[in-house]
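What follows is a short report on a single structure.
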Amino acid sequence: MFLTLFIILLLAWIFGFTLFHVTSFLIHILLIAAGIALIMHFVRPRRSVV
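For the sequence shown, UniProt numbering begins at 1 and goes up steadily by one.
Next up, the structure:
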């Protein structure tokens with residue numbers, strides 16, 4: 001789930017920064033959120049199915 005969120009946020013950042021030429025600091029919050037999602041993907045333990 002977090003890996004999918006990471007990919008979506010990263011693509012939104014790339015498109016916003018390159019294609020739409022958004023240069024304010026707020027567009028970089030997407031990159032920060034994507035990094036947090038990637039870290040959460042690797043840090044959270046996997047749930048076992050009971």
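For every residue, glycine included, the Cβ atom is placed at its ideal position computed from N, Cα and C. Only a predicted model underlies this, so the values are computations on that prediction, with no experimental measurement involved.
_Taking the straight line between their C-alpha atoms, what separation do you get for L26 and V50?_
42 Å
_Spatial distance of I29 from T18 (CA atoms)_ = 15 Å
*Give me the Cα-Cα distance between M1 and L11, rounded to the nearest whole angstrom.*
16 Å
*In angstroms, rounded to a whole number, what distance separates the CA positions of H24 and F15?*
Note that residue 24 is Ser in the sequence shown, not His. So the alpha carbons of these two residues sit roughly 14 Å apart.
*What's the C-alpha gap between W13 and V43?*
23 Å
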